[in-house]
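Take a look at the structure set out below.
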Amino acid sequence: MDWFVKVVSIVIFWFLLSALMTMFQGRRSARVINLPIALLIIVITFEHAGPALARVNGHYEEVQQDVRGLTDALNVVGNTRNKVNDSIENVENSPIINFGSKAKLPGRTFSEIFSGGHLEWPLKSKEITQKFSPPDHHGIDFAVEAGTPILAAREGRIREAGVDSSGIYGNYILIDHGGGFQTLYAHCSELKTQRGKNVFDKDVIALSGNTGNSTGPHLHFEVRYSGKAVDPMQYLRK
Ligand SMILES: [Zn+2]
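Residue numbers (full-length UniProt numbering): 1 to 238.
In structure tokens:
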């Protein structure tokens, strides 16, 4: 604010000086006119300039306080951001949470990171009778007798539950697990849940069967990431 005070002082001084100069050196009429002007300037200066400058100074201090407040707030935001980053790193480095990270895809989102964990086996049996081998086979098969309980591989929401209109999957269920992950259970004899229902992992969602394009009782199990079939063996609990 020093520069402001200086500029105002110089302007006032210049007015005073010019008024006094004409008062003593100018013509008589000029002196008569300039004397009251000089007095007026002196009065105005003392009455208004002082309080005005004080007001300006007061505003300046208020602004300074606001800036200090904003700086403090920004520091708080920065600290919070650091804490969140630390938390994300902890979650990503956690050995338990690797369902999402195993996909090894760049640009993972929050939901992918937090979709972590293994997939549970969809049957009590872990005996696989046909492997994942695209483009011929987009899932894995378990040959089990009809009526065997099929378990949700992970918590999620039932996205589809019904008869496959193309005739391939027969009675099937598609679960959305979030983070772009889905699991599909095909050739069921009976469905035990409905579209829109939420399920937990290991919930019985259907009974196995031989519906759709199937030559014998079995479960066809698929894992999809971003709509594309991926090898379930990468995700099933070891
Ligand atoms: Zn199959």
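Ideal Cβ positions, reconstructed from N, Cα and C, are used throughout, including at glycine.
| Check | Outcome |
| --- | --- |
| Does the beta-carbon of GLY50 have 16 or more other beta-carbons within 10 angstroms, so that it is buried, or is it exposed? | exposed |
| What does the Cβ neighbour count give for ILE165, buried or exposed, with the cut at 16 atoms within 10 Å? | For the sequence presented, residue 165 should be read as Ser rather than Ile. With fewer than 16 Cβ atoms within 10 Å of its Cβ, SER165 is classed as exposed. |
| Under 7 Å: does the beta carbon of GLY139 sit that close to some heavy atom of ligand 1? | yes |
| Quick one: what's got a C-beta closer than 7 Å to ILE158's C-beta in the same chain, skipping five residues either side? | ILE173, ILE175, THR193, GLN194, ARG195, GLY196, LYS197 and VAL199 |
| Label THR148 either buried or exposed according to how many other C-beta atoms from any shown protein chain fall within 10 Å of its C-beta, with 16 as the threshold for buried. | buried |
| For GLN182, is the beta carbon positioned less than 7 Å from some heavy atom of ligand 1? | no |
| Taking the beta strand (DSSP E) that ILE176 falls in, what are its first and last residues? | In the sequence as presented, Ile is not what sits at residue 176; that position holds Asp. 171-178 is the span of the beta strand (DSSP E), which, as asked, contains ASP176. |
| Please return the same chain residues whose Cβ sits closer than 7 Å to the Cβ of LEU74, not counting the five positions on each side in sequence. | none |
| Please list, in chain order, all residues of the same chain as PRO106 whose beta carbon is under 6 Å from its beta carbon, the five residues on each side excluded. | Here PRO106 scores only 41 on pLDDT, less than 50, and its place in the model is too uncertain to base an answer on. |
| Is the separation between the beta-carbon of TYR169 and that of GLY216 shorter than 8 Å? | no |
| Can you have a look at LYS102 and say buried or exposed, based on whether 16 or more other CB atoms are within 10 angstroms of its CB? | Its pLDDT being 40, under 50, LYS102 is placed unreliably by the model, and the measurement read from it follows with that caveat. LYS102 should be labelled exposed. |
| Write down the C-beta distance between PHE214 and CYS188 rounded to the nearest angstrom, noting that I regard them as a contact closer than 8 Å. | The residue asked about is misnamed: residue 214 is Ser in this sequence, not Phe. 10 Å between Cβ atoms; not a contact. |
| Can you tell me the Cα-Cα spacing of GLU61 and VAL67, whole angstroms? | 10 Å |
| Can we count GLN194 as close to ligand 3, meaning its CB is less than 7 Å from some heavy atom? | By its list of ligands, the structure shown excludes ligand 3, since it contains just ligand 1. |
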